[in-house]
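Chemist:
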Amino acid sequence: MASPALVATMRRATPRDVAAITVLLASALDTDPVVRWLLPNSTQRVTILHRLLAVGVDHAIETGTVDVTVNLSAVAVWRRYDPHASACPLADHQLTILAGTAAGRLRQLTSAVDGYRSWVPHHWLSWLAVHPAYRRQGLASELLRRHHAVVGSSGWPACTVVTTEAVRDLLRRQGYHAALPLALPDGPKLWPLSREARPVRPGASLLPDRRSPSRPPRSESP
Numbered sequence: 001m002a003s004p005a006l007v008a009t010m011r012r013a014t015p016r017d018v019a020a021i022t023v024l025l026a027s028a029l030d031t032d033p034v035v036r037w038l039l040p041n042s043t044q045r046v047t048i049l050h051r052l053l054a055v056g057v058d059h060a061i062e063t064g065t066v067d068v069t070v071n072l073s074a075v076a077v078w079r080r081y082d083p084h085a086s087a088c089p090l091a092d093h094q095l096t097i098l099a100g101t102a103a104g105r106l107r108q109l110t111s112a113v114d115g116y117r118s119w120v121p122h123h124w125l126s127w128l129a130v131h132p133a134y135r136r137q138g139l140a141s142e143l144l145r146r147h148h149a150v151v152g153s154s155g156w157p158a159c160t161v162v163t164t165e166a167v168r169d170l171l172r173r174q175g176y177h178a179a180l181p182l183a184l185p186d187g188p189k190l191w192p193l194s195r196e197a198r199p200v201r202p203g204a205s206l207l208p209d210r211r212s213p214s215r216p217p218r219s220e221s222p
């Protein structure tokens with residue numbers, strides 16, 4: 001069980017946090033092998049990554065669950081998929097504008113991930129990141145446990161695709177099962193993982209903060 005002090009450092013993100021979360025994710029993803037395959041040009045990487053992340057984070061905060069530490073040193077971005085899920089507001093022409101020269105590879109990445117994604121209702125972990133100065137303090141694990149309480153109460157599984165063996169191993173320790181890796185065209189591997197729904201004991205300390213803003217009653221999307 002997590003320490004009360006660590007749990008107290010977590011909260012639900014709000015629209016005011018979009019910019020800070022985008023910066024945190026962009027910094028964490030700058031050396032990510034898949035991001036470097038997607039955006040090999042370092043100058044373009046910064047600009048395009050910020051654009052794409054800002055849209056994704058804003059949409060997740062509006063329609064899903066984004067948990068952060070109070071000082072915004074760590075974040076977990078979750079989406080929820082069901083048959084009535086709303087679509088992320090990115091038409092093909094908008095994607096081309098935002099992704100620029102990376103649009104083609106972004107479609108390849110999306111196709112690879114969608115090929116694994118289950119059509120059964122589930123919670124999807126989009127991003128998990130911790131600022132380098134705050135790593136090895138259990139923040140990523142605690143952010144995961146925080147949302148697993150929600151997942152357990154919903155009866156839905158949790159799924160994701162990660163880009164490094166380190167994150168894959170972290171998720172395995174949290175009860176995820178890894179499938180065979182996916183291969184990108186002339187690119188690095190992706191590791192799909194899933195975690196079965198596990199009911200949470202009533203009254204457990206990891207239940208969501210009820211002071212957090214409530215989510216609209218619509219489902220999340222990619």
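For the sequence shown, my numbering assigns the number 1 to the initial residue and increments by one for each residue that follows. Glycine included, every Cβ here is placed at the ideal spot set by N, Cα and C. Remember, it's a predicted structure, so these values are computed and weren't measured experimentally.
Report the residue from Arg195, Leu193, Tyr176, Leu38 whose alpha carbon sits nearest the alpha carbon of Thr101.
Modeler: Of the listed residues, the one whose Cα sits closest to Thr101 is Leu38.
Chemist: For Thr110 and Ala129, I'd like the C-alpha separation in whole angstroms.
Modeler: Computed Cα separation, rounded: 20 Å.
Chemist: Relative to the C-alpha of His233, which residue among Leu24, His50, Arg195 is closest?
Modeler: This structure leaves residue 233 out entirely; the chain is present only between 1 and 222.
Chemist: Roughly how many whole angstroms lie between the Cα atoms of Arg210 and Arg11?
Modeler: Because the pLDDT of Arg210 is 33, which lies under 50, any placement of that residue in the model is unreliable, and the question is left without a value.
Chemist: Look at the alpha carbon of Leu52 and the alpha carbon of Ala197, and state the distance between them as a whole number of angstroms.
Modeler: C-alpha separation (whole angstroms): 30 Å.
Chemist: Is the CB-CB distance between Ile61 and Val18 below 8 Å?
Modeler: Yes, the Cβ-Cβ distance between Ile61 and Val18 is below 8 Å.
Chemist: Pair every Cβ in the segment 177 to 188 with every Cβ in the segment 140 to 156, then say whether three or more of these pairs are closer than 8 Å.
Modeler: The segment 177 to 188, when compared against the segment 140 to 156, does not touch it at the 8 Å Cβ threshold.
Chemist: List the residues that DSSP assigns as beta-bridge partners of Pro132.
Modeler: Beta-bridge pairing links Pro132 to no other residue.
Chemist: Return the CA-CA distance between Thr9 and Gln174, expressed in angstroms with no decimal places.
Modeler: Whole-angstrom Cα-Cα distance: 20 Å.
Chemist: Can you grab the Cα-Cα spacing for the pair Arg79 / Gly64, in whole Å?
Modeler: The alpha-carbon atoms of Arg79 and Gly64 are separated by roughly 5 Å.
Chemist: So, with DSSP's three-state summary, where would you put Asp58?
Modeler: Asp58 falls in the helix class under three-state DSSP.
Chemist: Use the C-beta contact count for Glu142: other C-beta atoms within 10 angstroms, 16 or more gives buried, fewer gives exposed.
Modeler: Counting Cβ neighbours within 10 Å, Glu142 comes out buried, since at least 16 surround it.
Chemist: Helix, strand or coil for Asp223, going by three-state DSSP, please let me know.
Modeler: In this structure the chain extends from 1 to 222, so residue 223 is not present and cannot be described.
Chemist: What residue range is occupied by the uninterrupted beta strand (DSSP E) comprising Ala158?
Modeler: That run of the beta strand (DSSP E) goes 158 to 162.
Chemist: DSSP has Thr69 in a bridge; who is on the other side?
Modeler: Met10, per the DSSP bridge assignment.
Chemist: Cutting at 8 Å between CB atoms, please list the residues of its own chain near Leu98, excluding the five before and the five after it.
Modeler: Excluding positions up to five away in sequence, the list reads Ile48, Arg51, Leu52, Val55, Leu90.
Chemist: Rounded to the nearest angstrom, what separates Val257 and Pro121 at their Cα positions?
Modeler: No answer is possible for residue 257: the residues shown for the chain start at 1 and end at 222.
Chemist: Where Ser118 and Thr43 are concerned, what is the direct C-alpha to C-alpha distance, given to the nearest angstrom?
Modeler: Taking the straight line joining both Cα atoms gives about 35 Å.
Chemist: Looking at His131 and Leu24, is the spacing between their C-beta atoms short of 8 Å?
Modeler: Closer than 8 Å, so yes.
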